[in-house]
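Notes follow once the structure below has been shown.
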Ligand code: MN
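Here it is, written out as structure tokens:
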């Protein structure tokens, strides 16, 4: 199985979790929220062939971490994955949108200049602007919209642009999200937990819980669970994480 957006370093006991994830054979994109967290987070998963660590600057932290943009640029060569990045236009964070935009555009430019990266993107309260920014500034990158909460027409714009989506059990609980899921091509979907931030029935979600989303997908796609798992693994290989196993620790 897979978890294409987990904050492994922010769990209570990351080492125990990583051991478990490794033993279960789960492919994980271990996202970070600041450039200064990258090397330490990658070290946690040293030797785990199915875990990749991505270089991020979370929009909710962007305003206070603009000084880490030069560090982002220095580290870009260390990984094929960038995230968590993006914009957050929700009430709590919209006052920092100016700094967020500066950070987002900067990391996108760095990723493009480095030859393109797979991107895990936050777009809460700013779906349209995130989609438009990505369309205008990225050619070589592969954007994956994580926990997308935009309107159906915004989702369609992202689908038309060829973007990917990572979806999780918490997100699929609402009927509106399930309806939107049917608009995404099944070749462009990956699973995520967004743990330890996301919860399901009061429990913190971890990488092993992404499978809770499978019955919802099989219902929407009108096929059995095995077919869903096959499709998801095909997608994972397509995005490069599976095919590149063993290539490097990053
Ligand atoms: Mn996240």
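Residue numbers (our numbering): 4 to 253. Don't be surprised by glycine CBs; every beta carbon is placed ideally from N, CA and C. Quick caveat: nothing in here was measured; it's all calculated off a predicted structure.
For residue j and residue i, the rounded distance between their alpha carbons
{"i": "residue 189", "j": "residue 164", "result": "15 Å"}
{"i": "residue 105", "j": "residue 60", "result": "11 Å"}
{"i": "residue 186", "j": "residue 155", "result": "8 Å"}
{"i": "residue 209", "j": "residue 110", "result": "27 Å"}
{"i": "residue 212", "j": "residue 172", "result": "8 Å"}
{"i": "residue 74", "j": "residue 82", "result": "13 Å"}
{"i": "residue 148", "j": "residue 169", "result": "6 Å"}
{"i": "residue 127", "j": "residue 227", "result": "32 Å"}
{"i": "residue 240", "j": "residue 18", "result": "26 Å"}
{"i": "residue 194", "j": "residue 63", "result": "23 Å"}
{"i": "residue 90", "j": "residue 103", "result": "6 Å"}
{"i": "residue 43", "j": "residue 36", "result": "12 Å"}
{"i": "residue 200", "j": "residue 117", "result": "30 Å"}
{"i": "residue 76", "j": "residue 235", "result": "32 Å"}
{"i": "residue 13", "j": "residue 224", "result": "34 Å"}
{"i": "residue 243", "j": "residue 6", "result": "14 Å"}
{"i": "residue 115", "j": "residue 78", "result": "14 Å"}
{"i": "residue 249", "j": "residue 84", "result": "Low confidence applies to residue 249: its pLDDT is 38, below 50, so where it sits in the model is not reliable, and the reading given next is rough at best. Looking at the two C-alpha atoms, the distance is approximately 15 Å."}
{"i": "residue 246", "j": "residue 86", "result": "In this prediction, residue 246 scores a pLDDT of 48, lower than 50, which makes its location untrustworthy; no coordinate-derived value is stated."}
Assigned exposure category for residue i - 16 Cβ within 10 Å defines buried
{"i": "residue 143", "result": "exposed"}
{"i": "residue 238", "result": "buried"}
{"i": "residue 46", "result": "exposed"}
{"i": "residue 15", "result": "exposed"}
{"i": "residue 9", "result": "buried"}
{"i": "residue 101", "result": "exposed"}
{"i": "residue 49", "result": "exposed"}
{"i": "residue 178", "result": "exposed"}
{"i": "residue 222", "result": "exposed"}
{"i": "residue 108", "result": "exposed"}
{"i": "residue 92", "result": "buried"}
Span of the beta strand (DSSP E) around residue i
{"i": "residue 89", "result": "84 to 89"}
{"i": "residue 168", "result": "167 to 170"}
{"i": "residue 32", "result": "30 to 33"}
{"i": "residue 123", "result": "121 to 125"}
{"i": "residue 55", "result": "54 to 56"}
{"i": "residue 228", "result": "Premise fails: residue 228 lies in the alpha helix (DSSP H), 228 to 242, not in any beta strand (DSSP E)."}
{"i": "residue 147", "result": "145 to 149"}
{"i": "residue 9", "result": "5 to 9"}
{"i": "residue 192", "result": "192 to 194"}
Chain D contact for residue i (CB, 7 Å cutoff)
{"i": "residue 133", "result": "This model lacks chain D altogether; it includes just one protein chain."}
Cβ-heavy atom distance, residue i to the ligand NAP, below 6 Å
{"i": "residue 136", "result": "Ligands present in the displayed structure are limited to the ligand MN, and the ligand NAP is not among them."}
Where the alpha helix (DSSP H) through residue i begins and ends
{"i": "residue 217", "result": "217 to 224"}
{"i": "residue 154", "result": "No alpha helix (DSSP H) holds residue 154; DSSP gives it neither H nor E."}
Using a strict less-than 7 Å threshold between each residue's beta carbon and the heavy atoms of the ligand MN, what residues do you get?
8, 10, 34, 87, 125, 149, 197 and 200
For the stretch 93 to 100 and the stretch 20 to 30, state whether three or more C-beta atom pairs, one from each stretch, are separated by less than 8 Å.
With the cut-off at 8 Å, the stretch 93 to 100 and the stretch 20 to 30 do not touch.
Assess contact between the stretch 153 to 167 and the stretch 201 to 221, defined as three or more Cβ pairs (one per stretch) separated by less than 8 Å. Is contact present?
no
Evaluate the contact criterion for the stretch 36 to 56 versus the stretch 16 to 28: three or more CB pairs, one atom per stretch, below 8 Å.
Counting Cβ pairs under 8 Å, three or more are found: they touch.
Can you confirm whether the stretch 67 to 78 touches the stretch 132 to 152 when touching is taken to mean that 3 or more C-beta pairs between the two stretches lie within less than 8 Å?
no
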